[in-house]
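One structure is given here, and the rest of the page talks about it.
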Amino acid sequence: MRENLPKILYYSCFIILINTYVKMYNSRRQHAWVRLSYKLVQSRYNLRLLYYVKKELGVGSVTKDNNKGQFFIRDRKHIENIILPIFDKYPLLTSKYFDYLRFKKALCILNNDNMSKEQKEKELFILKNSKKEDDYLSPRIVHGFGLTQKLDRIVLESIRLILHIPSPVKYKEMYNHYILDTTNSRSIENIIDYFQNTMKGVKSLEYRI
Numbered sequence: 001m002r003e004n005l006p007k008i009l010y011y012s013c014f015i016i017l018i019n020t021y022v023k024m025y026n027s028r029r030q031h032a033w034v035r036l037s038y039k040l041v042q043s044r045y046n047l048r049l050l051y052y053v054k055k056e057l058g059v060g061s062v063t064k065d066n067n068k069g070q071f072f073i074r075d076r077k078h079i080e081n082i083i084l085p086i087f088d089k090y091p092l093l094t095s096k097y098f099d100y101l102r103f104k105k106a107l108c109i110l111n112n113d114n115m116s117k118e119q120k121e122k123e124l125f126i127l128k129n130s131k132k133e134d135d136y137l138s139p140r141i142v143h144g145f146g147l148t149q150k151l152d153r154i155v156l157e158s159i160r161l162i163l164h165i166p167s168p169v170k171y172k173e174m175y176n177h178y179i180l181d182t183t184n185s186r187s188i189e190n191i192i193d194y195f196q197n198t199m200k201g202v203k204s205l206e207y208r209i
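Take a look at the structure:
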């Protein structure tokens with residue numbers, strides 16, 4: 001993957017419609033085989049984006065019909081070396097993350113030279129039939145805590161010490177304020193314990209959520 005690949009490509013790859021999918025078929029002899037494809041779909045008026053993605057990645061093909069255009073990558077080496085690093089660096093935020101993990105695992109099974117054909121078929125069928133829980137959440141979704149101050153940095157520094165937040169207080173020149181924020185799980189637990197049963201009104205509801 002090109003080192004200078006623009007971030008707009010990364011963002012477009014999971015904000016717009018994504019179809020990363022695994023298709024598994026049975027032949028007449030009941031032997032399973034798998035076709036892995038990465039597909040990015042856009043309305044026909046936005047074909048320019050698909051050609052842009054193709055140009056930047058340097059692989060894949062674009063097809064179109066009367067209503068839509070599709071960018072395809074079917075080569076497993078291209079999927080492994082180009083597509084997977086993008087989604088590993090910028091994980092999907094929805095339940096599509098579960099589908100992505102299945103997609104990635106299927107690729108690992110297919111590329112495993114130590115497994116027999118029968119073993120691969122068995123593992124692929126198990127993978128195909130796996131289902132996500134109704135309350136499944138992408139691990140990319142995390143709790144966060146943040147505070148800002150325009151003048152009194154010392155207030156944020158004190159809060160950082162009291163709540164044992166490892167993140168430093170930062171100055172945001174664009175907004176002309178200081179900010180303290182964290183997604184550290186231990187810090188979030190400290191914050192939950194510290195504010196337990198102390199808030200009233202709408203903030204109390206937001207805290208419980």
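Residue 92 in UniProt numbering is what sits at position 92 of the sequence shown, and the numbering runs on without skipping anything.
All C-beta atoms, glycine included, are put in the ideal place defined by N, C-alpha and C.
Since the model is a prediction, treat every value here as computed from it, not as a measurement.
What number of angstroms, rounded off, separates the C-alpha of residue i from the C-alpha of residue j?
i: LEU47; j: TYR90; result: 23 Å
i: residue 210; j: ASN176; result: With the chain represented from 1 up to 209, any question about residue 210 goes unanswered, as that position is not in the structure.
i: ILE191; j: GLY144; result: 10 Å
i: ARG76; j: GLY60; result: 11 Å
i: LYS54; j: ASN111; result: 25 Å
i: LEU49; j: SER130; result: 33 Å
i: LEU168; j: ARG160; result: Checking the sequence, you will find Pro at residue 168 rather than Leu. In a straight line, the C-alpha of PRO168 is about 8 Å away from that of ARG160.
i: LYS120; j: ARG35; result: 13 Å
i: VAL22; j: ASP99; result: Annotation note: pLDDT 43 at VAL22 (below 50); position unreliable, coordinate value reported separately. Their backbone Cα atoms lie some 9 Å apart in a straight line.
i: LYS68; j: ARG74; result: 19 Å
i: LEU107; j: ASP113; result: 12 Å
i: ARG2; j: THR94; result: With a pLDDT of 47 at ARG2, under the threshold of 50, the modelled position of that residue is not reliable, and no figure is offered here.
i: GLN70; j: ILE109; result: 27 Å
i: THR183; j: TYR194; result: 16 Å
i: ILE154; j: GLU173; result: 17 Å
i: HIS40; j: GLU189; result: The sequence given here has Leu at residue 40, not His. LEU40 and GLU189: Cα-Cα distance of roughly 39 Å.
i: SER185; j: LYS122; result: 38 Å
i: ASP88; j: GLU118; result: 29 Å
i: LEU92; j: GLN196; result: 32 Å
Drop a sphere of 10 angstroms on the beta-carbon of residue i, count the other beta-carbons inside from all chains shown, and report buried for 16 or more, exposed for fewer.
i: GLN42; result: buried
i: ILE79; result: buried
i: SER116; result: exposed
i: GLY146; result: exposed
i: LEU151; result: exposed
i: ILE83; result: buried
i: TYR38; result: buried
i: SER198; result: A small fix is needed here, since residue 198 is Thr in this sequence, not Ser. By the 10 Å Cβ count, THR198 comes out exposed.
What is the C-beta distance between residue i and residue j, in whole angstroms, given that I count them as a contact (C-beta under 8 Å)?
i: GLN149; j: TYR178; result: 5 Å
i: SER187; j: ILE165; result: 5 Å
i: ARG102; j: LEU127; result: 6 Å
i: VAL62; j: TYR52; result: Incorrect: roughly 10 Å between the Cβ atoms, too far for contact.
Could you say which of the options lies nearest to residue i if we only look at CA atoms?
i: PHE72; options: PRO85, PHE98, CYS108, LEU57; result: LEU57
i: TYR97; options: ASN114, LEU124, GLU133; result: GLU133
i: LEU45; options: LYS64, SER37, TYR38; result: The residue asked about is misnamed: residue 45 is Tyr in this sequence, not Leu. Cα-wise, what sits closest to TYR45 is LYS64.
i: GLU157; options: SER185, ASP181, MET174; result: ASP181
State the beta-bridge partners of residue i as determined by DSSP.
i: THR63; result: GLN70
i: PHE145; result: THR182
i: SER43; result: LYS68
i: HIS177; result: LYS172
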